[in-house]
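Enquirer: Residue numbers (our numbering): 18 to 567. Cβ atoms here follow ideal geometry from the backbone N, Cα and C, with glycine treated the same way.
#1: Return the chain-ordered ranges of every beta strand (DSSP E) run that is complete within the segment 196 to 221 and spans a minimum of 3 residues.
#2: Over the uninterrupted beta strand (DSSP E) stretch that includes residue 400, give me the two end residues.
#3: Taking only the alpha-carbon atoms, compute the straight-line gap between residue 119 and residue 85 and give it to the nearest angstrom.
#4: Among 284, 198 and 234, which residue has its Cα nearest to the Cα of residue 169?
#5: Between the Cα of residue 279 and those of 316, 217 and 165, spot the shortest distance and give me the residue it belongs to.
#6: Is the distance from the Cβ of residue 488 to the Cβ of residue 520 below 9 Å?
#7: Grab the span of the alpha helix (DSSP H) containing residue 114 for me, first residue to last.
#8: Compare the Cα-Cα distances from residue 364 to each of 336, 163 and 399 and report the closest residue.
#9: Around the C-beta of residue 566, are 16 or more other C-beta atoms found within 10 angstroms, so that it is buried, or is it exposed?
#10: Which first and last residues belong to the beta strand (DSSP E) in which residue 317 is found?
#11: Note the first and the last residue of the continuous beta strand (DSSP E) segment covering residue 252.
#12: Under 8 Å from any heavy atom of the ligand PLP, does the C-beta of residue 555 make it?
#13: Going along the chain, which residues of its own chain have a beta-carbon closer than 7 Å to the beta-carbon of residue 396, five neighbours each way excluded?
#14: Give the secondary structure of residue 536 by DSSP, where H, G and I count as helix, E and B as strand, and everything else as coil.
#15: Can you give the beta carbon distance from residue 477 to residue 441, rounded, assuming they're within the 8 Å contact cut?
#16: In whole angstroms, give me the CA-to-CA distance for residue 110 and residue 542.
#17: Of the residues 220, 221, 223 and 204, which one's Cα is nearest the Cα of residue 214?
#18: Contact defined as beta carbons within less than 8 Å: I believe residue 480 pairs with residue 458. What is the distance between those atoms, to the nearest angstrom?
#19: Using 8 Å for Cβ pairs, my map puts residue 444 next to residue 472. What's the rounded Cβ distance?
#20: What's the C-alpha gap between residue 240 and residue 185?
#21: Have a look at the DSSP bridge pairing and note the partners of residue 97.
#22: Pick from 382, 277 and 233: whose alpha carbon is nearest that of residue 544?
#23: Buried or exposed, going by whether 16 or more other CB atoms sit within 10 Å of the CB of residue 273?
#24: Beta-carbon within less than 6 Å of residue 92's beta-carbon, same chain only, minus the 5 sequence neighbours each way: which residues are those?
#25: Find the nearest neighbour of residue 286 within the set 231, 267 and 308, judged by alpha-carbon distance.
#26: Does the Cβ of residue 390 have 16 or more other Cβ atoms within 10 Å, making it buried, or fewer, making it exposed?
#27: Determine the direct distance from the alpha carbon of residue 402 to that of residue 420, and round the result to whole angstroms.
#28: I need the boundaries of the alpha helix (DSSP H) containing residue 44, first residue and last residue.
#29: Please report how far the alpha carbon of residue 304 lies from the alpha carbon of residue 354, in whole angstroms.
#30: Tell me the rounded alpha-carbon separation between residue 238 and residue 249.
#31: Go to residue 456, then tell me how far its beta strand (DSSP E) extends in each direction, as first and last residue.
#32: Roughly how far, in whole angstroms, is the beta-carbon of residue 509 from the beta-carbon of residue 474, given that I think they are within contact range, below 8 Å?
#33: Here's the rule I'm using: 16 or more other beta-carbon atoms within 10 Å means buried, otherwise exposed. How should residue 73 be labelled?
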């Protein structure tokens with residue numbers, strides 16, 4: 018058996034070594050753990066045959082890798098080690114450098130090995146061609162070929178919590194767990210940042226399902242990162258084939274189609290490829306292209322539904338609800354197109370447009386003598402965009418005549434409890450700009466009192482599923498009353514969604530809920546109708562004005 022060839026890995030940020038693996042320490046003669054926090058220049062890296070100079074993340078292209086053949090690194094004892102060096106950019110400040118000694122007869126082999134393997138996890142970075150799969154997995158013996166595409170759910174939260182070094186440690190542990198869970202002849206590769214591909218020879222679909230569920234359970238076990246515990250979940254798409262007539266690339270695309278549906282169903286599960294769903298996804302891609310074109314052609318607009326104080330007959334604001342005037346299909350509701358883009362960057366574009374349009378409309382109303390707040394729904398993906406707060410500030414700056422509190426953002430309760438730390442930072446950042454945040458569909462996400470107390474939301478919007486039964490369902494009445502007491506104790510407003518009739522409004526006010534929104538008050542309307550509607554509502558409020566209202 019040939020001797021194992023050592024390959025060192027160094028993570029370098031702004032010229033500083035932040036992490037080094039065991040091979041790097043052994044090759045350079047350092048005790049384990051002693052390379053971290055040292056300047057990389059201390060190793061006196063130098064390109065042979067040149068004037069030399071330091072090597073750090075800035076020498077790596079923004080996207081991609083760079084090879085530095087025959088570089089001298091100084092060992093701890095003062096000697097030199099000639100290595101082949103390969104750098105891979107990780108972010109604006111950091112790069113992962115992989116190096117191996119240059120020895121006679123192995124340099125070409127080493128460069129070829131590095132080109133075919135991921136430097137971080139040491140897994141292959143691609144799936145082999147079909148003929149190699151046939152030989153390695155013995156597909157001719159009647160077994161199924163299972164091509165699996167695994168995507169870690171919301172991995173950005175891991176990087177946000179532990180930083181890139183902690184995120185790298187989690188990815189290496191994910192790779193280790195995958196290899197340990199798979200049969201010895203299976204193939205696993207890292208094909209993206211937090212994406213892995215697996216190819217397995219199996220006897221049946223049921224056997225495949227059992228194995229993937231075991232993998233998901235193993236990945237869900239806690240990870241120890243920087244003396245803290247982290248959890249993650251993953252989605253898996255599976256393409257099953259009884260032969261290898263399809264090219265590897267096509268089978269992997271089918272598995273990617275399947276993982277899309279797994280994530281759209283909520284993640285943390287597996288989904289098998291279905292040709293009909295693939296066609297549906299193709300149609301979805303076409304619709305997403307039309308959305309891009311529709312934004313450019315001003316086909317989208319906001320309809321405005323009022324939020325009122327039912328007891329005093331006063332309008333407290335409007336919610337802007339997106340609509341699409343499609344040139345061929347006519348008016349489309351959000352349910353007709355939002356599900357196809359909520360996991361796509363287009364949801365960010367639509368959300369950004371909605372914020373700008375709501376502020377523009379509020380400015381126009383104010384110029385006409387109508388002062389009212391406007392709320393806009395923000396998707397989880399849009400909220401997590403790194404430059405969201407910067408872009409929000411830019412929107413506000415374009416309308417200096419408006420008080421920032423005129424705009425309110427709404428987020429789902431389920432978003433808040435799924436990624437509490439990110440949401441808490443988001444709400445605080447919005448508050449610093451003067452923009453309040455409300456929690457929508459409250460009561461459906463089972464958020465704990467501890468979480469709610471620590472989230473500085475301005476209002477809780479009671480989910481309409483409870484409001485619908487408030488007339489005659491004692492359980493819904495109890496839930497609504499409990500939420501009202503909770504909101505009052507925490508100093509939050511409580512607004513009932515789904516006020517569909519006068520009877521709903523009367524039942525809510527009897528329980529102590531005076532703020533409402535729904536068809537029983539008004540349907541969403543075109544912006545031009547808002548000023549007149551406000552005047553009419555103030556003159557003839559639906560429930561009559563209470564005697565002690567100002």
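Expert: According to the structure shown:
#1: 204 to 207 and 212 to 219
#2: Element bounds for residue 400: not the beta strand (DSSP E) but the alpha helix (DSSP H), 397 to 400.
#3: 12 Å
#4: 284
#5: 165
#6: yes
#7: Residue 114 -> not in any alpha helix (DSSP H); beta strand (DSSP E) instead, spanning 111 to 118.
#8: 399
#9: exposed
#10: 317 to 326
#11: 251 to 258
#12: With respect to small molecules bound, the structure shown includes none, and the ligand PLP cannot be examined in it.
#13: 359, 364 and 368
#14: coil
#15: The pair is not a contact, with the Cβ atoms about 16 Å apart (cut-off 8 Å).
#16: 49 Å
#17: 204
#18: 5 Å
#19: 6 Å
#20: 12 Å
#21: 91
#22: 382
#23: buried
#24: 45, 46 and 98
#25: 231
#26: buried
#27: 24 Å
#28: 39 to 45
#29: 8 Å
#30: 8 Å
#31: 454 to 459
#32: 6 Å
#33: Its pLDDT being 46, under 50, residue 73 is placed unreliably in this model, and the value from its coordinates should be taken loosely. Answer is buried; the Cβ neighbour count reaches 16.
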